[in-house]
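Undergrad: Below is a structure I'd like to ask you about.
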Amino acid sequence: PTTTQPFIIQLDADGQVRLNNQPIDKAALKGQLEAHLSRQEDHTAYLLPDQALPYEEVMQFLGEMRAVGGDRVSLAIEE
11 PTTTQPFIIQ LDADGQVRLN NQPIDKAALK GQLEAHLSRQ EDHTAYLLPD
61 QALPYEEVMQ FLGEMRAVGG DRVSLAIEE
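With this note's numbering, the residue at position 24 of the sequence shown is 34, and numbering never jumps.
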């Protein structure tokens, strides 16, 4: 069995994007997202936004990621 590394997209308060804690630009992220989701049908990606970010900004970014990954991109909210 293949171990699936979680695909966690982090959006920092300053707008910096990270993939599994590694800084990445949006263009590269979209390519990684496509590759991740194409490997297996049940793969999901999670967007973890900083709580300081405005809701609109988070939703816009989520929309961009869903343009690539559809509803397999989930918004993860830290309690």
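Even glycine gets a Cβ: it sits at the ideal position worked out from N, Cα and C.
Which class does Pro55 belong to by DSSP, given the choice of helix, strand or coil?
TA: At residue 55 the sequence reads Ala, which differs from the Pro that was named. Reduced to three states, the DSSP call for Ala55 is strand.
Undergrad: Where does the unbroken alpha helix (DSSP H) through Leu47 begin, and where does it stop?
TA: Unbroken alpha helix (DSSP H) run through Leu47: 36-49.
Undergrad: Skipping 5 residues on each side, what residues in its chain have a beta carbon closer than 7 Å to that of Asp52?
TA: Same-chain partners within the cutoff: there are none.
Undergrad: Would you give the residue range spanned by the alpha helix (DSSP H) that Gln70 belongs to?
TA: Start and end: 65-79.
Undergrad: Determine the closest residue to Leu63 out of Asp35, Ser84, Gln20, with distance taken between C-alpha atoms.
TA: Among Asp35, Ser84, Gln20, the Cα nearest to that of Leu63 is on Gln20.
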